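Here is the structure we will look at.
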Amino acid sequence: MITLPAGTRDIWPGFSLSIDQPLVFQIGESYFLKGANGSGKSSLIHHILLPELRGRKELYVLCLQQQMHLQIYALRAQAAIFQPGFAIRGEEDVWRYLWQDLAARRDNLPVYVIADEACSLDIPKDIQRPICLIYSSHRYQLEKAHIVEFVQLSPQKTVIYA
Amino acid sequence: MSYLIADGQHPLVCADAVRDEIILYNLGVEEEALLFAKFERITAKKIDAESKLEALSGGQKVVLMALLALFSPAPRIEFLHLSHSLDDDKATQILDMIKQSGKEILLKDLS
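So the sequence lines, in the order shown, correspond to chains A and B.
Per numbering that gives the first Met the number 0, the first sequence runs over residues 0 to 161.
Per numbering that gives the first Met the number 0, the second sequence runs over residues 0 to 110.
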């Protein structure tokens with residue numbers, strides 16, 4: 000379980016995110032980051048959530064970035080070394096490649112899946128690993144997902160409600 | 000027939016400031032002013048030529064790309080993955096602008 004404490008964080012000069020109540024992300028649950036463009040969804044992921052998850056040895060983090068062309072290049076390079084022949088052409092291939100990589104690991108550590116405006120949220124059915132899914136999208140809302148709402152008070156300030 | 004390609008999955012080419020993209024799209028002074036005003040109306044965020052691109056959200060980058068293409072001298076534009084990163088309100092506003100642009104426009108992969 001990951002808890003982000005309540006409070007205000009300055010993301011950069013002229014933009015802050017306020018977390019109204021402590022944000023809890025539990026294994027086995029899905030969380031939908033809901034908000035308009037520019038409301039701070041990616042900022043929460045990159046400036047608050049990922050730094051909190053990074054370096055933890057008791058879990059995996061699978062992160063799909065928005066506008067992921069740089070991530071695609073990086074994974075193409077990795078695949079060329081570790082899985083020659085695995086073609087990574089677009090986002091769906093990245094998703095498939097990362098899940099396959101995770102499935103090959105023999106432990107049963109949980110995975111935090113973070114999908115920032117992902118095209119696909121299809122988690123392979125043969126994955127037995129405990130999962131916490133945190134995603135933002137303007138297209139999908141999974142039925143059982145908890146909503147984490149981003150309310151823009153002004154272009155300079157957003158409040159996050161769970 | 001040549002089209003300016005504007006892809007929502009790769010919205011910006013430059014890495015520094017808005018001015019670099021403006022040069023790339025060959026916008027005149029008038030179009031530049033119109034772009035800033037329109038961007039603010041759509042996103043509620045004020046930008047100018049010196050604004051850093053990294054301070055824009057993913058969706059704001061797509062809005063900027065669409066406006067750059069529409070205000071550019073290009074008579075024909077092909078938009079790819081345009082709606083992917085946009086919320087409904089912004090997608091509607093951009094699509095309205097496209098309809099009113101008078102340019103020859105192809106929209107692909109709007110899913």
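Even for Gly, the Cβ is constructed at its ideal location relative to N, Cα and C.
Predicted, not measured: the structure shown is a model, and the values here were computed from it.
- Close to chain A, meaning a Cβ-Cβ distance shorter than 7 Å, is no residue of the stretch 90 to 102 of chain B at all.
- Contact with chain A is absent for residue 27(B), since none of that chain's Cβ atoms lies less than 9 Å from the residue's Cβ.
- The C-beta of residue 54(B) comes closer than 9 Å to at least one C-beta of chain A.
- When only Cα atoms are considered, residue 15(A) and residue 154(A) end up about 9 Å apart.
- At a cut-off of 9 Å, the C-beta of residue 65(B) has no neighbouring C-beta in chain A.
- Identification of residues in the stretch 44 to 76 of chain A having a C-beta nearer than 7 Å to some C-beta of chain B yields 65, 66, 68, given in sequence order.
- The beta carbons of residue 102(A) and residue 135(A) sit no closer together than 9 Å.
- At least one beta carbon of chain B lies nearer than 9 Å to the beta carbon of residue 14(A).
- Residue 114(A) is outside the set of residues whose beta carbon lies under 9 Å from a beta carbon in chain B.
- A distance below 9 Å separates the beta carbons of residue 102(B) and residue 76(B).
- Sequence-distant partners of residue 69(B) (beyond 5 residues in either direction) whose C-beta falls short of 8 Å from its own C-beta, in its chain, are 76, 96, 97, 100, 102.
- Selection 95(A), 98(A), 132(A) evaluated against residue 112(A) yields 132(A) as nearest (Cα-Cα).
- Interface flag for residue 72(B) against chain A is unset, since no Cβ pair is found closer than 9 Å.
- Chain A has no Cβ within less than 9 Å of the Cβ of residue 34(B).
- Secondary-structure assignment with DSSP links residue 157(A) through a beta bridge to 16(A), 151(A).
- Residue range 28 to 42 is occupied by the alpha helix (DSSP H) that includes residue 28(B).
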